[in-house]
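Chains as they are written, first to last, in the working numbering: chain A, 30 to 300; chain B, 30 to 300.
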């Protein structure tokens, strides 16, 4: 299908907002030679409380924007979009598309020793049941416990990474899952790695926290290697960031998050 | 300008989501004979963290949808849209358009005795400074203290109206404003009336809570009366609810909120 050499083309990554930058960070680390076009849907964030139909429509629109930038593959860095839209996107578009659910599920299934895995995510992701199904497909002896945590995203966006109230909210949400004696907890939303400190404290350090960003980066590398799409030409390449709301605030937060290097932030207006 | 008799036409009301139903409730009470077309932008909620430019674009699109339903006036029930888009909408559209800021400011200025008013709202509403300017225009002796409370909307949407954590979050946000010895607090977001119990408890019952919904309904009545646009024909008239995301969840929540009577909920998809 790939008639031309697309290896010089960028990797497309999208998320409902900022959260997907955790994936960009890992891609930078594992594939420092690749160029990324990132789309953050900041004018319509969050996705986690919206319907599947709406998430599919938004995701489809974003992939079309990324295709205009000639991406060679697409990473759906948002857990909600991965849960609800990935299958449709894969059917509709003719390029490799990866989500974050499978890599996260695979890692959790590999690290659990007592076969009890917890999943925390947005309401839509939990409702989709995708993580649980994928894990049980991998190993039917694993028991999965899911818990939606709708206040975690606003708490992260408020910057309360280590606030007393965040500890209490976490304590409240994780109470039941803690009783189940899980040894592995999937952070099923790209915002949650920012609460790792709180989550470790509440769950205890014996519980492994699985954040799929790293796994996703490794899987992207695998796909590009297999399809001979790894960028070979060395030399400078700047990522492009596209957002649907005002670019300045995104740029400020992205700079802080990625530690600099965010030069090109452009706004996309849906028509 | 009004050449035809538009009195039989409905009143258009819009909000980023469900919150504007507090205004619908008051309109039902004060103008039981009127028909309402309500638009809830549930596919793009919330507005309170987004840029002015985006809020203006969304508001303009919604007014166009309402005009297709031949509304005789528009009520911007969302505080963020009232703060950031009202002036533009008034310039662009040729029908009476009311926001919620002025009625709320007017009421607060009327009830304060010590001329110290607090305002709690979303980040965008506070940043716009609209409430404070309007109050000082009404009475330059009044001092205004504003506090953004970004976690209140998610707490309401989580249904934690009376949760211990909600008390703590409120205690945190209101600490400074409480020290200012205000006697009047404007609830500058349509979600906040659902936290009245918590807010009374945290602020003390001597502080008056001003919720603009009732004032807005009275102002709508005044405008319609002046322009001879009050509906005169008696008889059944069903409100129409339009939402941009999936209608069923909205219907369920709206039924609970308004105590029934929500029959027609339709979905609008932006093209």
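A virtual CB, placed ideally from N, CA and C, is assigned to each residue, including glycine.
- In the DSSP assignment, the residues bridged to residue 296 (chain B) are B:272.
- Nearest CB-CB separation between residue 274 (chain B) and chain A: below the 8 Å threshold.
- Counting along the chain, residue 252 (chain A) sits inside the alpha helix (DSSP H) bounded by residues 242-255.
- In this structure, the CA atom of residue 229 (chain A) is about 12 Å from the CA atom of residue 216 (chain A).
- Taking 8 Å as the threshold, the shortest C-beta distance from residue 80 (chain B) to chain A falls below it.
- Residues of chain B whose Cβ lies closer than 9 Å to the Cβ of residue 197 (chain A) are, in chain order, 193, 194 and 197.
- Rounded to whole angstroms, the separation of the alpha carbons of residue 192 (chain A) and residue 128 (chain B) is 36 Å.
- For residue 73 (chain B), the neighbours in chain A by C-beta distance under 8 Å run, in chain order, 72 and 73.
- Considering only B:47, B:53 and B:188, the residue with the shortest C-alpha distance to residue 249 (chain B) is B:53.
- Put simply, the backbone Cα of residue 110 (chain B) is about 11 Å away from that of residue 104 (chain B).
- Following the DSSP letters along the chain, one finds residue 87 (chain A) inside the alpha helix (DSSP H) bounded by residues 81-97.
- Sequence-ordered contacts of the stretch 177-189 of chain B with chain A read 179, 180, 182, 183, 184, 186, 187 and 189 [C-beta pairs closer than 9 Å].
- The CB of residue 297 (chain A) never comes closer than 8 Å to any CB in chain B; the least such distance is about 12 Å.
- Residue 220 (chain A) has a beta carbon lying at 8 Å or more from every beta carbon in chain B.
- Within chain A, the residues placing a beta-carbon under 8 Å from that of residue 201 (chain B) are 194, ordered along the chain.
- Here DSSP, grouped into helix, strand and coil, assigns residue 111 (chain A) to helix.
- For residue 109 (chain A), no Cβ of chain B is located within less than 8 Å of the residue's own Cβ.
- When C-beta atoms of the stretch 183-200 of chain B are compared with those of the stretch 173-190 of chain A, three or more pairs fall below 8 Å, so the two segments count as touching.
- Distance from the CA atom of residue 205 (chain A) to the CA atom of residue 214 (chain A), rounded to whole angstroms, is 13 Å.
- Around the beta carbon of residue 298 (chain B), fewer than 16 other beta carbons sit within 10 angstroms, so the residue counts as exposed.
- A:35 is the residue among A:35, A:223 and A:94 whose C-alpha sits nearest the C-alpha of residue 101 (chain A).
- Contact between the stretch 163-183 of chain A and the stretch 145-160 of chain B is absent: fewer than 3 CB-CB pairs across the two stretches fall below 8 Å.
- For the pair residue 42 (chain A) and residue 65 (chain A), the CB atoms are nearer than the 8 Å cut-off.
- The C-beta distance from residue 135 (chain B) to residue 244 (chain B) rounds to 7 Å, short enough to meet the 8 Å contact threshold.
- For the pair residue 176 (chain B) and residue 147 (chain B), the CB atoms are nearer than the 8 Å cut-off.
- Residue 75 (chain B) counts as buried, since at least 16 other C-beta atoms from the protein chains shown sit within 10 angstroms of its C-beta.
- For residue 83 (chain B), at least one C-beta of chain A is nearer than 8 Å to its own C-beta.
- In the same chain as residue 241 (chain A), and ignoring 5 residues on each side of it, the C-beta atoms closer than 6 Å to its own belong to 129, 132 and 133, in chain order.
- The C-alpha of residue 47 (chain A) lies about 13 Å from the C-alpha of residue 78 (chain B).
- In the displayed model, residue 116 (chain B) falls within a helix according to three-state DSSP.
- Between the alpha carbons of residue 246 (chain B) and residue 208 (chain B) lies a distance of about 33 Å.
- Cβ-Cβ distances below 6 Å link residue 237 (chain A) to 140 and 213 in the same chain, with the five nearest sequence neighbours on each side left out; the list follows chain order.
- With contacts defined as CB atoms closer than 8 Å, residue 273 (chain A) and residue 72 (chain A) qualify as a contacting pair.
- A straight-line Cα-Cα distance of about 44 Å links residue 145 (chain B) and residue 83 (chain A).
- Scanning its chain for C-beta atoms nearer than 6 Å, with the 5 sequence neighbours on each side dropped, one finds around residue 190 (chain B) the residues 223, in chain order.
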